[in-house]
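For the sequence shown, our numbering gives the first residue as 51, with consecutive numbering after it. Data block below; observations after.
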Amino acid sequence: METETTDNAASDNYRGVWGQRIGFGQRPALLMIDFMQGYTTEGAPLYAPGVVSAVAESVALLATARQHGIPVIHTNIRYHAARFADGGMWVKKAPVMKDMVEGNPLAAFCPQVQPLPQEVVLSKQYASAFFGTALAPMLVTLGVDTLLLAGCSTSGCIRASAVDAVQHGFRTIVVRQCVGDRHPGPHEANLFDIDSKYGDVVNKEQAIDYLATYATLQMPSDDPPRHHR
């Protein structure tokens, strides 16, 4: 009851100031953030029950994007295993991230949402999918104006990516059932903040309905155009 009262008080306090809706745009892409087995393997340091649920919920979202030709981009986290120098201060703050090295089974993608060979995988070293990666210019080149986020964790890489997404000018949509964390408190608090200040948090059904309305959007081809006589 105390949590419900607190949530209601926060909503009342924010009403009329924060929480405007940004809505869906015309050109979507789906960003699948860090669905790696370290978050779904019981006993692993990063294990997060909420991510297990998010992976299962994301299967239908991912299938819909693929069916309708929506660009899908995946991210993972990778460090150089010798000294983790590319992890900088973040690995010093969170040494648990040292599992994210090539060859560690915990750093492998969850099988249910495994990237297809033609889908882009961006490796990152920090929380945001935008920081130090080619994500922003790739989305601009594709003409994307709406970025749907699924993945983990809500309080970490999802929040950081959502903040950077709106700062790069994208309509930022977080799919509620398709993101997860290790504890419901930070999960809900960050969804509240994202929905209030940085983007829209929507139900999976809304996201799937939105993606299903679009004609096939193909990734640019490297082949030269053919001229017909």
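Every residue, glycine too, gets a C-beta built ideally from N, C-alpha and C.
Residues that DSSP places opposite residue i in a beta bridge
{"i": "T125", "result": "I83 and L172"}
{"i": "L197", "result": "A79 and T222"}
{"i": "F180", "result": "Partner(s): none; F180 has no beta bridge."}
{"i": "V151", "result": "Y129"}
{"i": "C202", "result": "G230"}
{"i": "D250", "result": "I223"}
{"i": "F159", "result": "M86"}
Residues of its chain near residue i, where Cβ-Cβ distance is below 7 Å and the 5 sequence neighbours each way are ignored
{"i": "I244", "result": "R209, A212, V224 and V251"}
{"i": "D84", "result": "T125, N126, I127, G201, C202 and C207"}
{"i": "T91", "result": "Y97 and L156"}
{"i": "D163", "result": "Per the sequence presented here, residue 163 reads as Val, with Asp not at that position. Once the five neighbours on either side are set aside, the close Cβ partners of V163 are M82, F85, V105, S108, V109 and L112."}
Exposure label - residue i; buried when at least 16 CB within 10 Å
{"i": "A135", "result": "exposed"}
{"i": "N253", "result": "exposed"}
{"i": "L185", "result": "buried"}
{"i": "D259", "result": "exposed"}
{"i": "A59", "result": "exposed"}
{"i": "A257", "result": "buried"}
{"i": "G73", "result": "exposed"}
{"i": "G137", "result": "buried"}
{"i": "G219", "result": "exposed"}
{"i": "Q70", "result": "exposed"}
{"i": "G249", "result": "buried"}
Whether residue i touches residue j by CB criterion (7 Å)
{"i": "Y89", "j": "L96", "result": "yes"}
{"i": "A131", "j": "V151", "result": "yes"}
{"i": "D195", "j": "G75", "result": "yes"}
{"i": "T283", "j": "V216", "result": "No answer is possible for residue 283: it lies beyond the span of the chain, which begins at 51 and ends at 279."}
Cutoff 8 Å; reference residue i; Cβ partners in own chain excluding five residues on either side
{"i": "L261", "result": "P78, L80, L111, T114, A115, H118, I120 and L198"}
{"i": "M188", "result": "I123 and V170"}
{"i": "V141", "result": "Y129, F134, M147 and K148"}
{"i": "S178", "result": "C207, A210, S211, V213 and D214"}
{"i": "R226", "result": "L241, V251, V252, N253 and K254"}
{"i": "Y64", "result": "S246"}
{"i": "A158", "result": "M86 and Q87"}
Sequence-distant residues of the same chain with beta carbon closer than 6 Å to residue i, five excluded per side
{"i": "T183", "result": "L172 and K174"}
{"i": "A94", "result": "G88 and L156"}
{"i": "R232", "result": "A98"}
{"i": "F180", "result": "A186 and D214"}
{"i": "T204", "result": "V229, D231, H237 and N240"}
{"i": "G235", "result": "none"}
{"i": "H278", "result": "Because the pLDDT at H278 is just 36, under 50, the model does not fix this residue reliably, and the value given afterwards should be weighed accordingly. Result list for H278: empty, nothing under 6 Å."}
{"i": "G193", "result": "R77"}
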